[in-house]
Amino acid sequence: MDAGEIKKLLLSNDPEFWSCLKTLTGSARDFEELFLLSSLRKKAHARKLENPNVTAKKIRLAIVGGYSLYPLHELIEHLCEVDGLPVELWQGDYDNYISEIMDDDSELYTFTPHVVFILPAERRCTYTGHLTDPRELQQAEAQRAVDGVLDLARKVNEKTRAEVITTNFMLPARHDLGAFRSRTLGSDWSFRKWVNLELGLNAPSFLNICDWEFLANRLGGIAARDERSWFESKQPCSSALLVELAREAANLIAALKRAPKKVLVLDLDNTLWGGVLADDGLEGIELGDTSPRGEAFKAFQKYIASLKQRGVLLAVCSKNDLAKAQEPFQKHPEMVLRLDDIVSFKANWEPKSENIRAMAPELNLGLDSFVFVDDNPAEIEIVRQFAPEVTTILLGPDPSDYVTQLADCRLFEPRNITAEDAERTNQYRSDAQRKALEATVTDMASYLESLEMESVMSEFVPVDVPRLSQLINKSNQFNLTTHRRSEAEVIAVMNDKNFAGFSVRLKDRFGDHGLISIIIGEKVGDTMKIDTWLMSCRVLKRGVEKEVLNELARLAKLKNCTRLEGVYLPTSKNEMVRDFYGKMGFTLTAESETKREFELKLENFQPATTKIKIVRRAYEPS
Amino acid sequence: MNQAEVIAKLQTIFDTVFLEPVVLTPAISAKDVPEWDSLTHISLMVSVEKAFGVRFRVGEVENSKNIGEFADLIIKRKLEP
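Chains as they are written, first to last, in our numbering: chain A, 26 to 647; chain B, -11 to 69.
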């Protein structure tokens, strides 16, 4: 596939154009290549050749900054749209960002953006005094530069409740000042490094840093800049870095709207160790510090272990005999990964696509949360064809590149690491134990009783906001409306008296499940409309949903409501709650392809009893 | 390389960048090509510099009034050591 072929598809109005565009965009590295693809995309719109796979609501994205924002905006728009997140753009004028943000009546605010991307001017991030001034003076000015950016971000957020992304600052790449540059905070080199560090460490949770310093460093300081393009058209950087900057921005925007992947499924032979276990035997596989190749495989395992520490679940899928495949995990002295690191271990002769499909219900996760890694193109192809929701990574021929490949795939980047992420592996493991117990206890009621469940219900509180937003954005199955909300939008709900939002935490004698359910009710007259009702599938069949309804009814009555109104909005993933309201005693009032509406009169509502002890209720002193 | 050869090579670049075919002549200029706006221009120049292995000096491209003058500029820059 190349530019000529995709043009032909466009000229013949073939919808195949869009999937080609996605493939080519993914591999495009050069500015002109990406720009051409973007032009073709716009022409497709002009020709009314629409992308069948893009149905998402447009994200309203505003870009402001101290540079010309053309053609950066074009690249960002392209990357977001091709990624399935179309944007509606508003660009500020060149170097007008401060007044655009500070002026309450500016067009930026009439645009009512969901996301605001700020590129503060680097020429304002420089020490104006003398290189040999006292350190305190220099540091005070650097602090002002940090505060300047934070103030802009805060103002935008207060005014719009939008998510804010700001770039930090590129470092100089020329020899000016020589070794002296690192001996004073007055050099641009030290000054900007200090500002970038402080900016990142002090960024509030609504602020996302687009790490321009890192991107430029990754590309190479000299390749990152192009003075001529600054003089000619006020470009912020070289066209090569512009591509990286746009990709990073698009990635951050996607991360605001999408959950990271949750499971890494690993092949064994020539992925975790060198050689073929069945042929070479436990002693014959290459792994560990005795050979360079063995060392590379061990380093890859160490990297995978670090992903697990971040909360990624690890699974194995191998064409092997199960007992044989598990042997290295138990007996090989150089194995970093051990059996208890693996939440699901599939070693058999079934197609890998089927094995991965089987993992999804076991772990209560959608297939689109899975990433599959293998060195064998045939296995990758099977999974691509028969489990297309799974993201696949084909490892290259050299194991020393494996870590790089996985680290640069950008699939496991946490935005705000919550303590609960790291706990998750343990939760899943005790889930397995729980299922074993479930099998031994004969009736459900005594099983639930034996769990000794305790629950805390809480109104939305600031400290929960990252976790609330995270769950709202990643929960798919037990989710009645799939309304997504950014952290800023959660805060808006929290502060609005017409909303009654609360979260539910659950623990039992096997462990703490953390925050597992979120409900948002909106009072409209005498009705409490259920805007959001979602729950983690890990705690299905425990009675949590009954307690939630009890709580919802209680809060509704407190707000003088006489009825609850619930709606089910079907998606490809939430079929399981299609009849949920009906089962909870609601009456179906209206039904269409895209919507099922229910109501519950509170007059005769009787709270259900469950085996859960409610330790605290929402909106009550603890 | 003479002007005609340069224009022939430019033609292949324009064929890639523009969707509607444009037949380049020495007299043609940006205003004759609807798709050739300031955004496309930036992309076009990046492509031309890579294809010919030249680097224009600051501000000089905009002094070329048409494709003929632009081709001459490419030749001039190519002749530089």
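Backbone N, C-alpha and C fix where the C-beta goes; we use that ideal spot for every residue, glycine too.
Residue range Leu232 to Cys235 is occupied by the beta strand (DSSP E) that includes A/Asn233.
Secondary structure in the region 292 to 332 of chain A: the alpha helix (DSSP H) runs of 4 residues or longer, each lying completely within the stretch, are 302 to 309 in chain order.
Where A/Gln116 is concerned, the enclosing beta strand (DSSP E) starts and stops at Val112 to Tyr119. Per DSSP, the beta bridge partners of A/Cys342 are A/Lys371. In this structure, A/Arg435 is the residue among A/Leu291, A/Lys571, A/Ser331 and A/Arg435 with its C-alpha nearest to the C-alpha of A/Arg272. With contacts defined as CB atoms closer than 8 Å, A/Phe527 and A/Glu576 qualify as a contacting pair.
Three or more pairs of CB atoms, one per stretch, sit closer than 8 Å, so the region 227 to 246 of chain A contacts the region 272 to 292 of chain A. By the rule that beta-carbons nearer than 8 Å mark a contact, A/Arg603 does not touch chain B. If the five residues before and after A/Ala517 are omitted, its C-beta is found closer than 6 Å to the C-beta atoms of Arg186, all from its own chain and listed in chain order. Residue-level contact by beta carbon fails for B/Ile63 and chain A, as no gap is shorter than 8 Å. With distances taken between CA atoms, A/Val398 lies nearest to A/Tyr427 out of A/Asn373, A/Leu388, A/Asp423 and A/Tyr427. The distance from the Cβ of A/Ala81 to that of A/Gly109 is about 6 Å, consistent with a contact at the 8 Å cut-off.
Beta-bridge partners of A/Arg588 (DSSP): A/Thr552 and A/Lys626. The Cβ of B/Ser35 sits closer than 8 Å to at least one Cβ of chain A. Taking 8 Å as the threshold, the shortest C-beta distance from A/Lys356 to chain B does not fall below it. Straight-line measurement puts the Cα of A/Leu293 at about 9 Å from the Cα of A/Gly300. Remark: C-beta atoms of A/Ile497 and A/Val515 approach each other more closely than 8 Å. With respect to the 8 Å criterion, A/Leu291 and A/Leu270 are not classified as neighbours on the basis of their beta carbons. With a threshold of 8 Å between beta carbons, A/Leu364 makes no contact with chain B. Annotation: Cβ neighbours of A/Glu99 in chain B (cutoff 9 Å, chain order): Leu27. Taken in chain order, the members of the region 232 to 255 of chain A whose beta-carbon sits within less than 7 Å of a beta-carbon on chain B are Arg253. A/Ser52 is outside the set of residues whose beta carbon lies under 8 Å from a beta carbon in chain B.
Residue pairing by DSSP places A/Gly536 opposite A/Asp533 in a beta bridge.
DSSP places A/Ser483 inside the beta strand (DSSP E), whose first and last residues are Met478 to Glu484. If you draw a straight line from the Cα of A/Leu531 to the Cα of A/Met478, it comes to about 7 Å. Residue range Phe395 to Asp399 is occupied by the beta strand (DSSP E) that includes A/Asp399. When DSSP states are grouped into helix, strand and coil, A/Arg85 belongs to the strand group. Contact check between the region 412 to 420 of chain A and the region 302 to 313 of chain A: fewer than three CB pairs, one atom from each, fall below 8 Å, which does not count as touching. The count of Cβ pairs closer than 8 Å, one atom from the region 579 to 593 of chain A and one from the region 609 to 628 of chain A, reaches three, so the stretches are in contact. Judged by their CB atoms, A/Leu175 and A/Asn227 are nearer to each other than the 8 Å cut-off.
No Cβ-Cβ contact shorter than 8 Å links A/Phe524 with A/Met601. For the region 93 to 127 of chain A, the set of residues with a beta-carbon nearer than 7 Å to any beta-carbon of chain B comprises Tyr95, Pro96 and Glu99, in chain order. A check of alpha carbon separations from A/Ile247 across A/Pro197, A/Pro285, A/Leu210 and A/Val268 identifies A/Pro197 as the nearest. Flagged as an interface residue toward chain A: B/Ser31, by a C-beta distance shorter than 8 Å.
B/Leu7 belongs to the set of residues whose beta carbon lies under 8 Å from a beta carbon in chain A. A/Arg621 and A/Asp556 have their C-alpha atoms roughly 13 Å apart.
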